[in-house]
Structure formats: C-alpha cells, structure tokens
Amino acid sequence: MSREDMIKNYKFKTKPYDHQKLALEKSWAEKTYALFMEMGTGKSKVLVDNIAILYEKDAIRGALIVAPKGVYKNWHDIELPVHLPDHIKHSKVLWEASQTKKKQYELDTLFDNKKELKILIMNVEAFSTKKGLDFAHSFLNMLAGKALLGIDESTTIKNPTAKRTKSILRIGNLASYRRILTGSPVTKSPLDLYSQCEFLDEKHLGHPSYYSFRARYAHMIKRNFGGRQVQIVGSYRRLDELAVKLDNFSYRVLKEDCLDLPPKVFTTRTVELSDEQKEKYAMMKATAIAEHKGEIMSSQSALTTLLRLHQITCGHMKLDNEEVVHIKNNRLTALMDCLEETDGKVIIWANYVADLKNIVAALKKAYGEASTVEYHGSVDATLRQENIALFQQEKGPTRFFVGNAQTGGYGITLTAANTVIYYSNNYDLEKRLQSEDRAHRIGQTGSVTYVDLVAEKTIDERIIKSLKDKVNIANEIMGEDIKDWI
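So the sequence shown is numbered by the numbering used here: it starts at 12 and just counts up by one.
So this is what it looks like as structure tokens:
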C-alpha cells in the first residue's frame, strides 16, 4: 500500500485538513523527520496520527513526547484525548519531578506487560536533571528501539552546549523514529538548526560538529572583549544550499498556505506559578491579605480579592500604599517562548499597565526598539493612531502590538496579525470578543490563532471558564452552535 493510500484509508478520530494529510503522507514512514508547521496549523495532530499509524503497523510500541513546561500538559489533557483513535488501547503518563505514590504508580504502568501503546510525556526541563534523564532512558530501553521520540517546540534544544540538549541527543538513538516540531526553527540565526537536526540524524546536514556547520554557513569575525579575543558571527552564507538540505527531511506549513483552516484557532499555554507567587497567592486567598517586605496588600470584598489574586498570577502586587511591586514569575518567559515559535505580526493583550510596560521592555530588548508599539490609556491619542499605522505596514519593522482590551479592543483594525496572545484576561466577555475581532475582520486574509496564558489552579482558570460559559449561553439563546473556544 502506498503512503497516500495508507492515509486515505486510515480511520482518523478527527478528520485531518489537506495540509495535515500531506504532512502525514510525507512523514509517517520516515525514521527521522521535521514538521516545521506554524502555530495553529495542527502539528500536534499530525504527530498523534503518526504515532497511531506506526503503532498499528507494529513499527513502535510506545512514544516519548518532550515539550516545554507551558505546553507538555496540553499533550496529556487535550491533544492525545482529542486526536488519538479510540480503538487504540493505550496508557499515557505525565512526568512530574515530585512524585507522589499515585504518580509513581502511574509511571510504573508504563513498564507492565499489557499489550497497549505506552506514552510518556515529559517537560524538556526535566532533561537538565539526572532523575529525568534516567527515567526517559529506562522507558526507551524498555521499548527496545520500537519507539518514537518527538520534541515539540524543538527550538528548546537549539543550544548545543545546554545540558538538556546534550541529554536529549544522548538518548535519541534509543528511538527508531524521531520527530521535531516547531513553527519557527530559526528564531535568531540559521545556526539554531544544527542541534535540532543533529537530534534527527547528523547526516542530514552533513556536518559532524557544530563548528564545521558554523564554518560552512557563517562568516566569523574576531573581536576583542575585555582583553580577550572571541569569534562572533559577521554574516551568513550559502543559505540556499542549507534550504535544499532541509527540504529533504522536513515539511513547512504556514497559516497563509492553509486555505482549509477554520477562521479562528484557539490554544492554551500553561504557566507555572513561582514559589513566591504560590506563597502570596495562598496568603491572599486564605486571609485576603498579602505581605511584601513589611508592606500590606489587603482587600475588603470578594471582588477585590479576585482582583488581587489575578494581579499575583500576572506577576505583580499593588500595595495599600499604591506602590506596585513585581513578583518573580514565569509568565513573561512563557510569552517570550511562545513568540519564538511564532512567525509574523502578533497582538498581545494584557489587563494591567504594570504588565504592559514589562512586556514592551522585554520585546524591545529582544527584538529592537522599532519592533513594538503600545496602545493603552497612558499613551497619547495621536500616538496611538500612529502606532496602529506602524503595525499595519506590511513590510515595516513593527512586529508587536501591545495593548489592553479596555482601550484597544474597540473600533480599530489590526489585520496585519495572524496571532493574538492574551497575556491575561478579565471577566468582561464583550471586551474579549471585541479584542478578538481586531485581527479577525474585513481585510484579514488568513486564519487567526488565539493563545491564552493560563496559570493552573488559579483565578485564571475561573476567568476562562466564566467567559466560555457566557459565550455558550449567548449562542444557545441566539440558536447558534456552541462555540468551540479554548
């Protein structure tokens, strides 16, 4: 049976779009392959279907899926339940560093003798630890080579000197099938490709080391820093040759190329609270008072308590003396990681001015002063209009539009963006829907992906549930289909 016929006759749980079918046709039988599919085009579904097909053909007995912290739980809670065919008996376990008796029991089920597909889902950060690496090694050894190892958001292993990169490269050969998934494999330079492709097979790029690869595709110049001479990249070369090599073992998908995608695609990124956030969140929740260096943040009503809890999840506190203090948090890191996987222009909505300023500062530092414009109440009205014009320029340097939905969610057109990120939400459904439609309106020629940053087991989840319930009730009243949102 040909690859095409295999896909044509396969019983999918969720029907694939045309570009997903093509990705499967190209990749499913390959030992090593790269799925360079932009966020919102369904690369997770392609990998799940690939795993299912290989299992049914007895090519693999199990799979190890590795993803960043903000993504890996989605595989367990959403991607596998939604896309893995019901007729495939399987056990799936989410790795956690701190293991209770219940979690240890779940992990042990991966090593029992039941004839079923075994799936282990780990966060990439675990490979910086001996405990995580040893467990992954044991799992792949147990499968005796009949395994698929997939790295989601594979730019997390782009640094060849990072401990987690070295660890993953070390165990790569224990899996007969290897996949990397990312929407943007080159986040800062073409040299980002080396470790990602080496994980698949060092023969793909034809270089036994990072340094020989760098010498081929980068022109290095010498510079003196503090009396020490170092080499830095001056320019890149032979990129057309590199593109031809990549084409032999990868499939590239952009949203603009997918005419069959739905108009709106929703996804979630999980954000883990820092220890400091957990402490202050628990204190505020229990007593309606949180303390910071002797100063108090208190609340007098349930509504105010919800606001204070939400501020803590976002990474700051407004004290009773009106001072705003920032708390160590992972939210901004989650945003920057998400942007690394995203091509094109992006709208970022956030509730609080304190967060907006932090986001703008981080973006300008990472991408340059001209990369980012602001749109909120603290920005002069004339400048706001200029910022819209800069963002809407097709080939202009401005890539990020950062604002709050209270000010920017109404009456403006931001169709230059195909990605909208909600750094934080609030309970106002009208503002949510209006802000969604700044990108999704007349003038938009492609699908729009909406990403919500959500801290688990916090007020974030309650806000999302409340918004979703309101949407579904409104649609029911209007006699429309229940909206598939988040």
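For each residue, glycine too, the CB sits at the ideal point set by N, CA and C.
Fair warning: this is a prediction, and the values are worked out from it, not measured in the lab.
Valine 57 and leucine 46: beta carbons closer than 8 Å?
Taking the first residue of the sequence shown as position 1, residue 57 is located at position 46. Taking the first residue of the sequence shown as position 1, residue 46 is located at position 35. Taking 8 Å as the Cβ cut-off, valine 57 and leucine 46 qualify as a contacting pair.
Among Thr52, Leu394, Tyr378 and Glu15, the one whose alpha carbon lies nearest that of threonine 278
Numbered from its first residue, the sequence shown carries residue 278 at position 267. The shortest C-alpha separation from threonine 278 is found at Thr52.
Given a cut-off of 8 Å on the beta-carbon distance, is the pair glutamine 207 and lysine 169 in contact?
Reading the sequence shown from its first residue, position 196 is the one you call residue 207. Reading the sequence shown from its first residue, position 158 is the one you call residue 169. Their beta carbons are under 8 Å apart, which means glutamine 207 touches lysine 169 by this criterion.
Could you compute how far the alpha carbon of leucine 452 sits from the alpha carbon of leucine 440?
Counting from 1 along the sequence shown, the entry for residue 452 is found at position 441. Counting from 1 along the sequence shown, the entry for residue 440 is found at position 429. Correcting the residue identity first, residue 452 is arginine in this sequence and not leucine. Rounded to the nearest angstrom, the two C-alpha atoms are 18 Å apart.
Taking the beta carbon of threonine 172 as the centre, do at least 16 other beta carbons fall within 10 Å, making it buried, or is it exposed?
Within the sequence shown, numbered from 1, the residue matching residue 172 stands at position 161. So threonine 172 ends up on the exposed side.
Does the Cβ of methionine 489 have 16 or more other Cβ atoms within 10 Å, making it buried, or fewer, making it exposed?
Taking the sequence shown and counting its residues from 1, one reaches residue 489 at position 478. Low confidence applies here, because methionine 489 scores a pLDDT of 48, under 50, leaving its location unreliable; read the following figure in that light. With fewer than 16 other Cβ atoms within 10 Å, it is exposed.
Three-state class that DSSP yields for valine 93 in the structure shown:
Counting from 1 along the sequence shown, the entry for residue 93 is found at position 82. Of the three classes helix, strand and coil, the one that applies to valine 93 here is helix, per DSSP.
Kindly indicate which three-state DSSP category serine 149 falls into: helix, strand or coil?
Against the sequence shown, residue 149 aligns to sequence position 138. Annotated three-state conformation of serine 149 is helix, per DSSP.
Mapping the DSSP letters down to three states, classify isoleucine 475 as helix, strand or coil.
Reading the sequence shown from its first residue, position 464 is the one you call residue 475. DSSP places isoleucine 475 in helix when its eight states are reduced to three.
Assuming leucine 478 and tyrosine 433 make a contact with CB atoms under 8 Å, what is their CB distance in whole Å?
Start at 1 with the first residue of the sequence shown, and residue 478 comes out as number 467. Start at 1 with the first residue of the sequence shown, and residue 433 comes out as number 422. At roughly 10 Å, the Cβ-Cβ gap does not stay under 8 Å, so leucine 478 and tyrosine 433 are not in contact.
Just the Cα atoms here: how many angstroms apart are threonine 167 and histidine 30?
For the purposes of this step, residue 167 is taken as residue 156 along the sequence shown, with counting starting at 1. For the purposes of this step, residue 30 is taken as residue 19 along the sequence shown, with counting starting at 1. Answer to the nearest angstrom: the Cα atoms are 25 Å apart.
Extent of the continuous alpha helix (DSSP H) to which histidine 30 belongs
In the sequence shown, residue 30 corresponds to position 19, counting from 1. From DSSP, the alpha helix (DSSP H) with histidine 30 extends over 29-38.
Residues bridged to tryptophan 106 [DSSP beta-bridge criterion]
Taking the sequence shown and counting its residues from 1, one reaches residue 106 at position 95. None, per the DSSP bridge assignment.
Classification of alanine 400 by the beta-carbon crowding that lies within 10 angstroms, buried from 16 upward:
As a first step, residue 400 is located in the sequence shown; it is residue number 389 there, counting from the start. The residue in question, alanine 400, is exposed, as its Cβ has fewer than 16 Cβ neighbours within 10 Å.
Rounded distance between the beta-carbons of asparagine 341 and glutamate 283, thought under 8 Å:
The sequence position of residue 283 within the sequence shown is 272, counting from 1. The sequence position of residue 341 within the sequence shown is 330, counting from 1. Confirmed, about 5 Å.
Does the beta-carbon distance from phenylalanine 224 to tyrosine 44 come in below 8 Å?
Along the sequence shown, one-based indexing puts residue 224 at 213. Along the sequence shown, one-based indexing puts residue 44 at 33. Going by C-beta atoms, phenylalanine 224 is not nearer than 8 Å to tyrosine 44.
To which residues of the same chain is phenylalanine 138 closer than 6 Å at the C-beta, ignoring the five residues directly before and after it?
In the sequence shown, counting from the first residue as 1, residue 138 sits at position 127. Excluding residues within five positions, the ones whose Cβ falls inside 6 Å are Leu144, Arg175, Ser178 and Ile179.
In chain order, what residues of the same chain lie with their CB nearer than 6 Å to the CB of glutamine 455, ignoring the 5 residues before and after it?
For the purposes of this step, residue 455 is taken as the residue at position 444 of the sequence shown. Around glutamine 455: Thr426.
For phenylalanine 402, does the count of other Cβ atoms within 10 angstroms reach 16, so buried, or fall short, so exposed?
Along the sequence shown, read from residue 1 onward, the residue named residue 402 stands at position 391. Result: buried.
Looking at the structure shown, is valine 197 part of a helix, part of a strand, or coil, going by DSSP?
Reading the sequence shown from its first residue, position 186 is the one you call residue 197. In the structure shown, valine 197 sits in coil (DSSP, three-state: anything other than H, G, I, E or B).
Classify methionine 489 as helix, strand or coil using the three-state DSSP reduction.
Within the sequence shown, the letter at position 478 stands for residue 489. Interpretation of methionine 489 is limited by its pLDDT of 48, a score under 50 that renders its predicted location unreliable; no figure is taken from the coordinates.
For glycine 1, which three-state DSSP category applies?
Summary: the structure shown does not reach residue 1, with the chain confined to residues 12 through 497, and so no result is reported for it.
Could you tell me if glycine 161 is buried or exposed, where buried requires 16 or more neighbouring beta carbons within 10 angstroms of its beta carbon?
Taking the sequence shown and counting its residues from 1, the one referred to as residue 161 is at position 150. It is buried - the Cβ of glycine 161 has at least 16 other Cβ atoms within 10 Å.
Length of the line joining the Cα atoms of isoleucine 18 and glutamate 67
One-based indexing of the sequence shown puts residue 18 at position 7. One-based indexing of the sequence shown puts residue 67 at position 56. Each residue's Cα considered, the two are about 13 Å apart.
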